[in-house]
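In the UniProt record's numbering, the protein residues as written are 1 to 392.
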């Protein structure tokens, strides 16, 4: 390292330190690494990793919403949901093993003011007779024929050889009996009347049906139909098929026995609208389960998903059924308790009485005789009932 002296103005000398001579190897700067490219590469790698993670963790595509189009039916005495295909298949199987008997009954007509009932193949006539004047005034008006019970024909596997079983003839006979037509039991229309479910599409036509059935003498008809129920189980009539559980015979028997409570319940009117509570329930699209309560006297329990409308009509209907349980031979005595508990669960404790009425010895029939098995008639009726809102 060389040094030199520099004179100052005052005569002093300041030494100068010379810098060492750098070699030619250090005369140029080293190239720096391409940091920018590395950063870009790392960014691309991160993006690829993130995209892969999103693809692997992507949620499964949502499933398509499927509407439950199953139909509420009765199988082995319980309410179940069946697909339309299964309902059609059951119907085809029943047709394949049945023998068809024709029912020779005419169109039922309702007469007001007279104890007679006429039969017509065309239109019905309404006759009004005045007893306060010496002469009678008759007014005839054309109206739609009233529905008939079992109007689909007696399609069932009756026992014995064709033409030798007395049961179809017995049923045909009492269906054509003017006394039976005068009573016009709605309980038989609920189980197997196609014309009734056509009438139920309109509250006007349904009201006409209820006007006819509610005008009957319930005291007389209860006694008459109760005796008819006993006769249907006789060996000389339909006793053999009743013991075998023939669906038409058993459901007809239960409907005859349950005439009185069904009559009283379906003839109740809403005090606010003066319309039949039953008609409102049948045409209630927002809550179709309201009509299920009217099947309780037929020993059919409520479906588990039933949500009752806590109305005065329901309360009065359940009160009618509660009073009917005093006769322990009535089918309602077997189905009322669970239904009342289900109502109070939704409507609140004490809305209806959950206990049976005090027992009264009114009949010699035993509750065990009330058959509650699978019924093709009831299944078909309820299927048509479920379709009413869409057919109207």
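Every residue gets a Cβ at the ideal spot worked out from N, C-alpha and C, and that includes glycine.
Would you mind reading off the limits of the alpha helix (DSSP H) that contains residue i?
{"i": "residue 248", "result": "247 to 257"}
{"i": "residue 194", "result": "194 to 199"}
{"i": "residue 242", "result": "239 to 243"}
{"i": "residue 230", "result": "218 to 232"}
{"i": "residue 174", "result": "166 to 176"}
{"i": "residue 278", "result": "277 to 282"}
{"i": "residue 340", "result": "332 to 347"}
{"i": "residue 327", "result": "Here residue 327 belongs to no alpha helix (DSSP H), and DSSP marks it neither H nor E."}
{"i": "residue 207", "result": "203 to 214"}
{"i": "residue 187", "result": "186 to 189"}
Measure the alpha-carbon distance for residue i versus residue j and round it to whole angstroms.
{"i": "residue 165", "j": "residue 232", "result": "13 Å"}
{"i": "residue 352", "j": "residue 153", "result": "39 Å"}
{"i": "residue 193", "j": "residue 341", "result": "31 Å"}
{"i": "residue 179", "j": "residue 163", "result": "26 Å"}
{"i": "residue 336", "j": "residue 272", "result": "27 Å"}
{"i": "residue 243", "j": "residue 220", "result": "28 Å"}
{"i": "residue 286", "j": "residue 310", "result": "14 Å"}
{"i": "residue 161", "j": "residue 361", "result": "40 Å"}
{"i": "residue 303", "j": "residue 293", "result": "10 Å"}
{"i": "residue 288", "j": "residue 198", "result": "16 Å"}
{"i": "residue 207", "j": "residue 170", "result": "30 Å"}
{"i": "residue 251", "j": "residue 147", "result": "18 Å"}
{"i": "residue 334", "j": "residue 350", "result": "20 Å"}
{"i": "residue 348", "j": "residue 235", "result": "48 Å"}
{"i": "residue 39", "j": "residue 47", "result": "12 Å"}
{"i": "residue 279", "j": "residue 184", "result": "17 Å"}
{"i": "residue 186", "j": "residue 312", "result": "22 Å"}
{"i": "residue 141", "j": "residue 227", "result": "Legend: pLDDT at residue 141 = 36, less than 50; position of this residue unreliable, value from coordinates given subsequently. Roughly 35 Å separates the two Cα atoms."}
How about residue i and residue j: do their beta carbons lie closer than 8 Å?
{"i": "residue 151", "j": "residue 222", "result": "no"}
{"i": "residue 210", "j": "residue 256", "result": "no"}
{"i": "residue 167", "j": "residue 238", "result": "yes"}
{"i": "residue 330", "j": "residue 344", "result": "no"}
{"i": "residue 229", "j": "residue 253", "result": "yes"}
{"i": "residue 301", "j": "residue 265", "result": "no"}
Among the residues of its own chain, which have a CB less than 8 Å from the CB of residue i, if the five just before and after it don't count?
{"i": "residue 332", "result": "258, 261, 296, 297, 299, 321, 324, 325"}
{"i": "residue 92", "result": "Per-residue confidence for residue 92 stands at a pLDDT of 45, beneath the threshold of 50, marking its modelled position as unreliable; the derived number appears in the next sentence. For residue 92, where only same-chain residues beyond five positions count, there are no Cβ hits under 8 Å."}
{"i": "residue 54", "result": "Reliability fails at residue 54, whose pLDDT of 47 lies under 50, so the model's placement of it is uncertain and no value is given."}
{"i": "residue 395", "result": "The requested residue 395 is not part of the displayed model; the chain covers only 1 to 392."}
{"i": "residue 346", "result": "307, 308, 310"}
{"i": "residue 190", "result": "196, 255, 262, 294, 295, 298, 381"}
{"i": "residue 37", "result": "none"}
Give every residue of the same chain whose Cβ lies closer than 6 Å to the Cβ of residue i, excluding the five residues on either side of it in the sequence, and list them in chain order.
{"i": "residue 364", "result": "Because the pLDDT at residue 364 is just 47, under 50, the model does not fix this residue reliably, and the point stays unresolved."}
{"i": "residue 283", "result": "203"}
{"i": "residue 267", "result": "214"}
{"i": "residue 314", "result": "308"}
{"i": "residue 188", "result": "149, 255"}
{"i": "residue 316", "result": "268"}
{"i": "residue 318", "result": "352"}
{"i": "residue 249", "result": "238, 241, 242"}
If you drop the 5 nearest sequence neighbours on each side, which residues of the same chain put their C-beta closer than 7 Å to that of residue i?
{"i": "residue 358", "result": "326"}
{"i": "residue 158", "result": "99, 165, 167, 168, 241, 246"}
{"i": "residue 306", "result": "289, 292, 342"}
{"i": "residue 44", "result": "none"}
{"i": "residue 356", "result": "325, 333, 336, 337"}
{"i": "residue 41", "result": "none"}
Tell me whether the region 170 to 178 and the region 203 to 216 touch, counting them as touching only if at least three CB pairs, one residue from each stretch, are closer than 8 Å.
no
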